[in-house]
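For reference, the structure discussed in these notes is given below.
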Amino acid sequence: MASLSTAKRIVVKIGSALLVDRIDGTLRGDWLLGLAQDVAWLKGQGIDVVLVSSGSIALGRGVLGLPGTALALEQSQAAAAVGQIRLARAYEEVLAPHGITTAQVLVTLEDSADRKRYLNSRATLEQLLSLGAVPIVNENDTVATDEIRFGDNDRLAAQIAVTVGADHLVLLSDVDGFYSANPGDDPDAARFEVIDAITPEIEAMAGDAGSGLSKGGMKTKLMAAKTATSAGCRMAITEGSVLRPLHALENGANATWFTAQSDPQAARKRWIAAIKPRGSVTLDAGAVAALKRGKSLLPAGISAVSGPFGRGDSIALLDAEGHTIGYGLTRYASDEAAQIKGHKSAEIEHLLGYPGRAALIHRDDMAL
211 MASLSTAKRI VVKIGSALLV DRIDGTLRGD WLLGLAQDVA WLKGQGIDVV
261 LVSSGSIALG RGVLGLPGTA LALEQSQAAA AVGQIRLARA YEEVLAPHGI
311 TTAQVLVTLE DSADRKRYLN SRATLEQLLS LGAVPIVNEN DTVATDEIRF
361 GDNDRLAAQI AVTVGADHLV LLSDVDGFYS ANPGDDPDAA RFEVIDAITP
411 EIEAMAGDAG SGLSKGGMKT KLMAAKTATS AGCRMAITEG SVLRPLHALE
461 NGANATWFTA QSDPQAARKR WIAAIKPRGS VTLDAGAVAA LKRGKSLLPA
511 GISAVSGPFG RGDSIALLDA EGHTIGYGLT RYASDEAAQI KGHKSAEIEH
561 LLGYPGRAAL IHRDDMAL
């Protein structure tokens, strides 16, 4: 069994049904306090934590007096706008006594589909984590439409796990794992302890959503598992309604673990290497040597730029003889790169007229 205490970075998905009382639409305060204890316990071991939390619509609909049935898109957006304030404040209030700073991050599906926005999201989350904060991530339901939404936070949590390079993803659910059939309907349904591969037979066992407040079912959890495990992140499904669900998971609570197919860094490097490059930059010998030591690519080490390419595009890295030594996702467009090539990072603002990032390609966005 995987141990949470061995993780470097954990993403935890929290569904609406765990956070919000389905009868009166209020927060389950005691449960949230227990979760805060779990987060503090993980942070105390030097583990980065990201929470992907539903609950804004469920909270807002109660405040606005909206019906408990399915809401129209405009009603959902209005409920999210009201509920998100309360949700963010609740997390801040329970984590602050532990000395933990919280940050609200709202995203849409477009943020992961567009490489430039994806890199911006990744940079923001990395900065927050490096400063010791706990990002609270949710889909931006106030602007997302049916065509551009994740649709459930299982998929969102998996995408965030990939974005931040997490090695553990925990889906806190209303069931204690993945079963061969719906345990509510079939007394012979068996829970899987570990799933090493998501086969067609496994997929055929998945059911649909069962909670009135949550959107996700086992089908979406399997989709999340595919995304996470292929990126080197192991994933657990466990029952989350106990007061300290992560502590319970660490101490042997029922769960199903999906095995990672590699490690997060290796999976990301393969992904970057597989993207068709849109242009190239030529490096001097000093820059080539620096990259081989694990450094980022700074403008000072670039002698030539070939484009056009935009921010977030993949570009080839060439040595002085024109040989390709790797690929990377650029933080500058080709015209910007041409202006700052050969210059120190401190000169970027003067050259471009606005402050930019020190590296043209960060080492985490590079595959040699």
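The number in my numbering is simply the position in the sequence shown, starting from 1, with 210 added.
Using N, Cα and C, we set each Cβ at its ideal position, and we do this for glycine too.
Closest Cα partner of Met-576 within the set Thr-279, Tyr-537, Val-515 and Leu-561: Translated into the one-based positions of the sequence shown, residue 576 becomes position 366. Minimum Cα distance to Met-576 is reached at Tyr-537.
Which residues DSSP lists as bridging Thr-373, in chain order: By 1-based counting over the sequence shown, the position of residue 373 is 163. In the DSSP output, where bridge partners are listed per residue, Thr-373 has none listed.
Sequence-distant residues of its chain with Cβ nearer than 7 Å to Ile-408 (five each side left out): Your numbering for residue 408 matches position 198 in the sequence shown. Excluding residues within five positions, the ones whose Cβ falls inside 7 Å are Leu-432, Ala-435 and Lys-436.
Span of the alpha helix (DSSP H), counted from its first residue to its last, around His-560: For this step, residue 560 is matched to residue 350 along the sequence shown. Run containing His-560: 558-562, per the alpha helix (DSSP H) assignment.
Distance between Gly-272 and Gly-422 (C-alpha atoms, nearest Å): Here residue 422 is taken as the residue at index 212 of the sequence shown, counted from 1. Here residue 272 is taken as the residue at index 62 of the sequence shown, counted from 1. Low confidence applies here, because Gly-422 scores a pLDDT of 37, under 50, leaving its location unreliable; read the following figure in that light. Computed Cα separation, rounded: 14 Å.
Ranges of the beta strand (DSSP E) found wholly within the region 467-540, counting only runs of at least 3: 489-493, 512-516, 524-528 and 534-539
Exposure of Arg-299, with buried meaning 16 or more beta-carbon neighbours within 10 Å: By 1-based counting over the sequence shown, the position of residue 299 is 89. Its Cβ having fewer than 16 others within 10 Å, Arg-299 is exposed.
Reduced DSSP secondary structure (H/G/I, E/B, other) of Thr-437: Counting from 1 along the sequence shown, the entry for residue 437 is found at position 227. Note: Thr-437 maps to helix in three-state DSSP.
Alpha carbon of Val-222 to alpha carbon of Ser-213, nearest angstrom: On the sequence shown, position 12 is the one that residue 222 refers to. On the sequence shown, position 3 is the one that residue 213 refers to. When rounded, the distance between both Cα atoms is 14 Å.
Closer than 7 Å: Ile-220 CB and nearest the ligand HEM heavy atom: This structure simply doesn't include the ligand HEM, nor any ligand for that matter.
Cβ pair Gln-549, Leu-539 closer than 8 Å: One-based indexing of the sequence shown puts residue 549 at position 339. One-based indexing of the sequence shown puts residue 539 at position 329. Not a contact, by the Cβ cut-off of 8 Å.
In DSSP terms, what Thr-312 is bridged to: Here residue 312 is taken as the residue at index 102 of the sequence shown, counted from 1. Partner(s): Val-344.
Leu-237 - containing beta strand (DSSP E), residue span: For this step, residue 237 is matched to residue 27 along the sequence shown. First-last for Leu-237: undefined, no H or E at that position.
Neighbourhood of Asp-218 by C-beta distance below 6 Å, restricted to the same chain and skipping five residues each side: Translated into the one-based positions of the sequence shown, residue 218 becomes position 8. In the sequence on display, residue 218 carries Lys and not Asp. Here the set comprises Asp-377.
Beta-carbon proximity of Val-380 to Glu-449, cut-off 8 Å: Along the sequence shown, one-based indexing puts residue 380 at 170. Along the sequence shown, one-based indexing puts residue 449 at 239. Their beta carbons are not under 8 Å apart, which means Val-380 does not touch Glu-449 by this criterion.
Outcome for Asn-350 when other beta-carbon atoms lying within 10 angstroms are tallied against a minimum of 16: As a first step, residue 350 must be located in the sequence shown, where it is residue number 140. With 16 or more other Cβ atoms within 10 Å, it is buried.
CA-to-CA distance, Arg-332 to Ala-568, given in whole angstroms: By 1-based counting over the sequence shown, the position of residue 568 is 358. By 1-based counting over the sequence shown, the position of residue 332 is 122. Their Cα atoms are separated by approximately 16 Å.
Cutoff 6 Å; reference Gly-483; Cβ partners in own chain excluding five residues on either side: Reading the sequence shown from its first residue, position 273 is the one you call residue 483. First, the residue type needs correcting, since residue 483 is Ala and not Gly in the sequence shown. Within the same chain, Ala-483 has close Cβ partners Tyr-537 and Ala-577.
Inter-residue spacing [alpha-carbon to alpha-carbon] between Tyr-389 and Glu-460: Working through the sequence shown from its first residue, we reach residue 389 at position 179. Working through the sequence shown from its first residue, we reach residue 460 at position 250. Their Cα atoms are separated by approximately 20 Å.
The region 391-403 touching the region 464-476, judged by at least three CB pairs closer than 8 Å: yes
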